[in-house]
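Protein chains: 2
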Amino acid sequence: MTKNDTDKRSRLIQAAVELVYRQGFQKTTLADIAQEADVPLGNVYYYFKTKDAICEAIVEQRLSQFEALREDWDKAASPKDRLCRFIQMTFNNRGELARGGCQFGSLCAELQKAGGPLAKKANRLFAKPFKWIEAQFRTLGKGDDSPGMALHLLSALQGVSLLANSFRKPNYVALETDHLNDWVRAL
Amino acid sequence: MTKNDTDKRSRLIQAAVELVYRQGFQKTTLADIAQEADVPLGNVYYYFKTKDAICEAIVEQRLSQFEALREDWDKAASPKDRLCRFIQMTFNNRGELARGGCQFGSLCAELQKAGGPLAKKANRLFAKPFKWIEAQFRTLGKGDDSPGMALHLLSALQGVSLLANSFRKPNYVALETDHLNDWVRAL
DNA sequence: GTCTATACCGAGATAGAC
DNA sequence: GTCTATCTCGGTATAGAC
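Listed in order, the protein sequences are those of chains D and F.
If you use the working numbering, the first sequence corresponds to residues 19 to 205, in order.
If you use the working numbering, the second sequence corresponds to residues 19 to 205, in order.
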């Protein structure tokens, strides 16, 4: 794999990630992606056999994006601080969330309806954060309540992202993250 | 408009509503809809000029579905009871929610990315419930806290629907609706 | 109003020169 | 490895007979 290889490949993935976030996967064409990445359409197939293969690459990219964020959150000393960092990030992202929804959630939702192998692959986009959040609650000594509490936190953030996006109101995110911060702090 | 007119038209809408719920709007073809409704493909265009027109009809159908539900909830004596009925309905639907997500939310999310006039139209799918919920909190004397509380309730239900769908766990819905019920009761 | 046949186009995918 | 040209199919939409 030469340098140009990875350059073009990663440019294609990056273009796909952004276009799919803005337009959805079904609506985004290979021509769109090729143009955005400044790669000739025919050349796309050297890097990805099918459109679905690009979608898998998008999911992988999102997953490593999550890993990078998680590593940062894990630097915080206590589980509470880690959860607060997670919530804080959502708050900081409220502008983007209002414009296009959650980068993970909207992809997961669409691929769910797409069905097939992509649906299964997409589930990891939720499974990973869920497990990480659950682990924080366990460390806090919440035992078997941890899954329910993780569900509560992740649900609230996903739900408010959806509504903030529909109504184009970044402030909706702020309202919910405020509550969630208080909730975590008071545990 | 003859009897057959409305028969076929409503059959087409019903087929569209169901297929779009299962597969998403972009993925669903006019041929799919025509077949499901047992109407010849070419005849579809007598009732709907474009595919987007069908989508508008789907949104309208969902909106009147909401109105019907709302009328039922409004029969409850107190605002708390009305909200509890709303929450209860979500709980009762948990099987379907785990299979395909929220009928309103998933449509709204997809049409958001589709952009154009459909995105604006779709927003009413959230605006109507939001206003209704907010009105209940106002009647409860929550004043300017009402929008935030409505947001909290609707977010939680939308978020948990998304997660329950991804993980295929109806029970996730039950966990959240339990909390929400307690929250409303304690207000 | 109903339905068949088909036009038209866009999108995914391939062939093959360089 | 790269890129142009093209194939093919499926999907929206139309024409026009009945």
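Using N, Cα and C, we set each Cβ at its ideal position, and we do this for glycine too.
Consider the Cβ of residue i: report whether some Cβ of chain F lies at a distance smaller than 8 Å.
{"i": "Leu180/D", "result": "yes"}
{"i": "Gly166/D", "result": "yes"}
{"i": "Cys73/D", "result": "no"}
{"i": "Phe185/D", "result": "yes"}
{"i": "Ala192/D", "result": "no"}
{"i": "Lys45/D", "result": "yes"}
{"i": "Leu81/D", "result": "no"}
{"i": "Gln130/D", "result": "yes"}
{"i": "Leu210/D", "result": "Look at the range of chain D in this structure, 19 to 205, and you will see that residue 210/D is not part of it."}
{"i": "Gln53/D", "result": "no"}
{"i": "Leu59/D", "result": "no"}
{"i": "Leu205/D", "result": "no"}
{"i": "Gly42/D", "result": "yes"}
{"i": "Asn111/D", "result": "no"}
{"i": "Leu172/D", "result": "yes"}
Return the first residue and the last residue of the alpha helix (DSSP H) that residue i is part of.
{"i": "Pro58/F", "result": "No alpha helix (DSSP H) holds Pro58/F; DSSP gives it neither H nor E."}
{"i": "Asn183/F", "result": "Ser164 to Phe185"}
{"i": "Leu193/F", "result": "Pro188 to Ala204"}
{"i": "Asp90/D", "result": "Lys69 to Trp91"}
{"i": "Thr47/F", "result": "From DSSP, Thr47/F is part of no alpha helix (DSSP H); its letter is neither H nor E."}
{"i": "Asn141/D", "result": "Gly134 to Thr157"}
{"i": "Ala95/D", "result": "Segment: none, Ala95/D is in no alpha helix (DSSP H) and carries neither H nor E."}
{"i": "Gly113/F", "result": "Arg112 to Gly118"}
Could you tell me whether any Cβ in chain D is nearer than 8 Å to the Cβ of residue i?
{"i": "Cys102/F", "result": "no"}
{"i": "Ala49/F", "result": "no"}
{"i": "Ala127/F", "result": "yes"}
{"i": "Lys146/F", "result": "no"}
{"i": "Ala34/F", "result": "no"}
{"i": "Lys21/F", "result": "With a pLDDT of only 48 at Lys21/F, under 50, the local geometry of the prediction cannot be trusted, and the value read off the model is given with reservation. No, Lys21/F does not count as interfacial toward chain D."}
{"i": "Leu161/F", "result": "Note on residue identity: the sequence assigns Gly, not Leu, to residue 161/F. Taking Cβ atoms only, chain D never reaches closer than 8 Å to Gly161/F, which makes this a no."}
{"i": "Tyr175/F", "result": "Looking at the sequence itself, residue 175/F is Leu, so the reference to Tyr does not match. It does: the Cβ of Leu175/F has a partner Cβ on chain D nearer than 8 Å."}
{"i": "Asn199/F", "result": "no"}
{"i": "Gly134/F", "result": "no"}
{"i": "Leu169/F", "result": "yes"}
{"i": "Ser124/F", "result": "yes"}
Hey, residue i and residue j are a contact pair by Cβ (cut 8 Å); roughly how many whole angstroms apart?
{"i": "Val178/D", "j": "Glu152/D", "result": "Wrong, their Cβ atoms sit about 20 Å apart, outside the cutoff."}
{"i": "Leu181/D", "j": "Gln44/F", "result": "Contact doesn't hold; Cβ gap of about 22 Å is too wide."}
{"i": "Ala127/F", "j": "Ala127/D", "result": "6 Å"}
{"i": "Ala94/F", "j": "Arg103/F", "result": "5 Å"}
{"i": "Asn183/F", "j": "Gly118/F", "result": "7 Å"}
{"i": "Leu169/D", "j": "Tyr190/F", "result": "6 Å"}
Note down, in chain order, each residue of its chain lying with its Cβ closer than 8 Å to the Cβ of residue i, except the 5 sequence neighbours on either side.
{"i": "Val38/D", "result": "Thr46, Cys73, Ile76 and Leu125"}
{"i": "Phe122/F", "result": "Arg80, Phe84, Leu143, Phe144 and Pro147"}
{"i": "Ala192/D", "result": "Phe109 and Arg112"}
{"i": "Thr157/D", "result": "Pro97"}
{"i": "Ala49/F", "result": "Leu59"}
{"i": "Glu36/F", "result": "Glu54"}
{"i": "Lys26/D", "result": "Ala55, Val57, Asn61 and Tyr65"}
{"i": "Lys21/D", "result": "The predicted model places Lys21/D with a pLDDT of 49, which falls under 50 and marks its position as unreliable; any figure quoted below should be read in that light. Within the same chain, Lys21/D has no close Cβ partners at all."}
Could you pull out every residue in the same chain whose Cβ sits closer than 7 Å to the Cβ of residue i, ignoring the five residues on either side in sequence?
{"i": "Lys187/F", "result": "Ala116"}
{"i": "Ala33/D", "result": "Ile51, Glu54 and Ala55"}
{"i": "Lys160/D", "result": "Met167"}
{"i": "Ala174/D", "result": "Glu194 and Leu198"}
{"i": "Ala137/F", "result": "Leu129 and Gln130"}
{"i": "Phe185/D", "result": "none"}
{"i": "Ala140/D", "result": "Val77, Leu125, Cys126, Leu129 and Gln130"}
{"i": "Cys120/D", "result": "Gln176 and Ser179"}
Can you name, in chain order, every residue of its own chain whose Cβ lies under 6 Å from the Cβ of residue i, other than the five neighbours on each side?
{"i": "Leu101/D", "result": "Gln154 and Val202"}
{"i": "Ile31/D", "result": "Ala75 and Gln79"}
{"i": "Gln53/D", "result": "none"}
{"i": "Gly42/D", "result": "Glu128"}
{"i": "Ile105/D", "result": "Thr195, Leu198 and Asn199"}
{"i": "Arg29/D", "result": "Ala55"}
{"i": "Ser164/F", "result": "Glu152, Phe155 and Arg156"}
{"i": "Trp91/D", "result": "Arg100, Arg103 and Phe104"}
Does the ligand ZN have even one heavy atom less than 7 Å from the beta-carbon of residue i?
{"i": "Ala137/F", "result": "Among the components of this structure there are no ligands whatsoever, and the ligand ZN is therefore not found."}
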